[in-house]
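For reference, the structure is listed below as structure tokens.
Chains as they are written, first to last, in my numbering: chain A, 38 to 682; chain B, 1366 to 1590.
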């Protein structure tokens, strides 16, 4: 055995949780049992559905990506780099299969650690156990990866404190009205108490109200009804004892893991978390499952059923908590934005439905013509994560001059009601009044076509500005065919007036550059946001505008999301594939970043002070700004923009 | 080159050497993928660079099985050498009568041959390491190591091909930087053996992409550069 090598591995592991919680002797023992794996980029270390071997892994160098494959779709769940632990499932349970696929994304050195080496230590060490239980319940290796890494490194204390954040999202509502009885109660009486109170379980307590056992209807069925014991016997003969207890502060993750490990369905909550203190409540497996019902499909179902605006408001707030959780768990942005778009769209649709009903009750019926509600701007691009200003419009079928007045008046009323509901749900009114309730943006198909043609044929700076918002329209409710007709008209007009694209391209170049010559962040020099970095204007706008003009030029129809636009462009122009992929990644990073900042400061996340970022965040942002410059070069060359100067 | 010709085992040899030679009684199959082969990666620290005159101070070695470095099966020995060159000490961090437990030269050679069996020996400038080990072994038996060997310096040159220029450094330090290999406490035999093992895995992975798949592909050409 080589001590030098063992110590070298130890020196690395001790800096990283959960090894940082392990005593020196134990960790040296673990270090002596490790194998070092060198893995080439692209190598699959394990696949979803495979049976885990007796190992788990820690990245020493390089990067490993974890994917979830669902119906032939690969969703990136996590990227593990130096010090990150993955493949921990065998630690929790031996009979489960891998739920994720691990693919090496950057040539990697990985430590392979035998599960057996870690099992004993896990049981003896609270910090380690907590670490794993929250990782496990969150479904990923480390729910606080990357963004709060620094804090995790400091100490176990900090890490455990951080846990409370997750509890906020997942508060376990434990039942405080527990039916109890004493040990000398007869089985028959206990069964009666259970029946009278309509409960499936009863907790046996001593004189101090400390829980000493539990009986469930299953015990009654299996032990009494089956005939092993008589109903006059005392309850202590059939109760399960001792009782598994936990503290009221325990997270859902902790409780769930405890249930899995002990193979139980109920946990008693006591004052100090041990069986030797007063019982305060009980959590059942069902309570935990209900909690995990906080998922997108449940939200959408609830939205569809909502009868009141206040319900929509609440659901949108809860969706934001879900967003927070997703961001923390580093779920991929394309997945998050898809879900948030679904939720936002569902709210939008419900708001329209509620308003239609309300108008009908007042005797105003919807005109019997085709019409469509359009989302614009970031909602239209399906990339609205935080609740930002609403931008929307209405298009309706061409009608006779006689009908026009009534039709328009109805849709303006409708739009007024809908925008009001959206405003209540936290999508504040558009300050520039680009909403369907504005008579300028509630138009017939013919009027819209004329409007777009005016912008395309006489591209003033104002026209270009409107284009950047209205060209990203996305049908939400009604007759989607109308939206398609609008798109057809736009492409037809662009074919006749190719130079319009040059104006759009020029506009895409007008965003100020993100970095100075010395790769410092360019901050605002004056105004309300002096010395702050404007991530929207300096990083997001150039990416969004660039994607729009390039997809229009390539006549790619029906794709609005910036990331998807770059993905599509990468398919179309293989010679620039790499750049477009980098741009898609860059947009994903800035979107995530802005959402994180927004949730942290409870604002739009648009402005922040560069010095508040840690080194890694700065580096990450700087790297994703690099391809923006290349994008702008492409635009300049392709649209002959030098002549515009 | 160390041949594989059949030798008569001399009854007068020490048992450990007889056992060592017995490992070579069967011809090794070289038509197996590199990734399924066994290697011992070795590093020797000595008090000088003359195999005939200088002495081994320590030996570090790790095993590679199935492309995996098994650190639980590693070797780290320090030798008790009466002659000691104080100038070499600061580089290696090995002090005469320091805290580490030391064993005699003879015991060290016994442990070494027990560890390496007939596996292929890998090392950085391995010719020197094998030469000084052979000089040491010669003091006790009239024989030398029979293992095949691979030099990571030569593998590196093979990987670089035409890009390698005469005069380019091939020191372990420089190669670690180029291949992004973490290198804490270098200049210690076991530490260097681990680093060399990682370098070796990275090199064979790159050579694999150029059709060096089987052990025989790896062993032939090895003196090409």
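Yeah, the Cβ is synthetic: ideal placement off N, Cα and C, and Gly gets one too.
Predicted, not measured: the structure shown is a model, and the values here were computed from it.
> So residue 665 of chain A packs on residue 623 of chain A, CB below 8 Å; how close in whole Å?
Replying inline: 7 Å
>> Counting only Cβ pairs nearer than 7 Å, list the residues of chain B close to residue 70 of chain A.
In response: 1437
> Under 8 Å between C-beta atoms, does residue 1434 of chain B make it to chain A?
Replying inline: yes
>> For chain A, check one thing: does any of its Cβ atoms lie closer than 8 Å to the Cβ of residue 1579 of chain B?
In response: no
> Is residue 1510 of chain B near residue 1498 of chain B, with beta carbons less than 8 Å apart?
Replying inline: yes
>> Less than 8 Å between the C-beta atoms of residue 676 of chain A and residue 542 of chain A, yes or no?
In response: yes
> Whose Cβ in chain B lies nearer than 7 Å to the Cβ of residue 46 of chain A?
Replying inline: 1436
> Considering residue 1538 of chain B, what are the terminal residues of the beta strand (DSSP E) in which it resides?
Replying inline: Careful: residue 1538 of chain B lies outside any beta strand (DSSP E), inside the alpha helix (DSSP H) at 1537-1543.
> Quick one: complete beta strand (DSSP E) runs, 3+ long, within the stretch 228-280 of chain A?
Replying inline: 238-242, 248-253
> Taking all protein chains shown into account, do 16 or more other C-beta atoms lie within 10 angstroms of the C-beta of residue 54 of chain A, making it buried, or fewer, making it exposed?
Replying inline: buried
> My guess is that residue 427 of chain A and residue 456 of chain A are in contact by the Cβ rule of under 8 Å, so how many angstroms apart are they, rounded?
Replying inline: 6 Å
> In the structure shown, what three-state DSSP assignment does residue 654 of chain A receive?
Replying inline: helix
>> Is residue 1470 of chain B close to chain A? Criterion is C-beta to C-beta, closer than 8 Å.
In response: no
>> 8 Å is my cut-off, CB to CB: does residue 42 of chain A come that close to chain B?
In response: yes
> Which residues in the same chain as residue 511 of chain A place their Cβ atom closer than 6 Å to its Cβ, once the five residues preceding and following it in sequence are excluded?
Replying inline: 412, 417, 597
> What residues in its chain sit with their C-beta under 7 Å from that of residue 1444 of chain B, if we drop five residues either side in the sequence?
Replying inline: 1421, 1422, 1423, 1467, 1468, 1470, 1473
>> I believe residue 216 of chain A touches residue 245 of chain A by the beta-carbon criterion, under 8 Å. Please report the beta-carbon distance rounded to the nearest angstrom.
In response: The pair is not a contact, with the Cβ atoms about 18 Å apart (cut-off 8 Å).
>> Can you find the residues in the same chain that come closer than 7 Å, C-beta to C-beta, to residue 227 of chain A, ignoring five residues on each side of it along the sequence?
In response: 218, 239, 252, 272
>> Taking CB distances under 8 Å as the criterion, tell me whether residue 14 of chain A reaches chain B.
In response: The displayed coordinates of chain A run from 38 to 682. Any statement about residue 14 of chain A would go beyond what the structure contains.
> Which residues does DSSP pair with residue 1398 of chain B in a beta bridge?
Replying inline: B:1579
> Is it the case that the Cβ atoms of residue 1562 of chain B and residue 1480 of chain B are separated by a distance below 8 Å?
Replying inline: no
>> So, at 6 Å on beta carbons, what are the nonlocal neighbours of residue 1537 of chain B in its own chain, with the 5 sequence-adjacent residues on each side left out?
In response: 1489
> Nearest chain B C-beta to residue 66 of chain A closer than 8 Å, yes or no?
Replying inline: no
> Three-state secondary structure (DSSP) at residue 91 of chain A?
Replying inline: coil
>> What would DSSP say about residue 617 of chain A, mapped onto helix, strand or coil?
In response: helix
>> With a threshold of 6 Å on Cβ separation, who are the neighbours of residue 213 of chain A within its own chain once the five nearest residues in sequence on each side are excluded?
In response: 318
> residue 1425 of chain B versus chain A: which residues are under 9 Å apart at the beta carbon?
Replying inline: 39, 41, 42
> Around the C-beta of residue 1414 of chain B, are 16 or more other C-beta atoms found within 10 angstroms, so that it is buried, or is it exposed?
Replying inline: exposed
>> Applying the 10 Å Cβ sphere with the 16-neighbour rule, what's the burial state of residue 635 of chain A?
In response: buried
> So the alpha helix (DSSP H) residue 1410 of chain B belongs to, where does it begin and stop?
Replying inline: Here residue 1410 of chain B belongs to no alpha helix (DSSP H); instead the beta strand (DSSP E) covers 1403-1411.
> residue 656 of chain A versus chain B: which residues are under 9 Å apart at the beta carbon?
Replying inline: Simply none; closest approach about 17 Å.
> For residue 610 of chain A and chain B, any beta-carbon pair shorter than 8 Å?
Replying inline: no
>> What would DSSP say about residue 170 of chain A, mapped onto helix, strand or coil?
In response: With a pLDDT of only 49 at residue 170 of chain A, under the threshold of 50, the placement of this residue in the model should not be trusted, and no figure is reported.
> Nearest to residue 101 of chain A by CA position, among A:118, A:70, A:113, is which residue?
Replying inline: A:118
>> Quick check: what's the CA-CA separation for residue 1434 of chain B versus residue 1382 of chain B?
In response: 26 Å
>> Taking the alpha helix (DSSP H) that residue 504 of chain A belongs to, which residues open and close that run?
In response: 498-507
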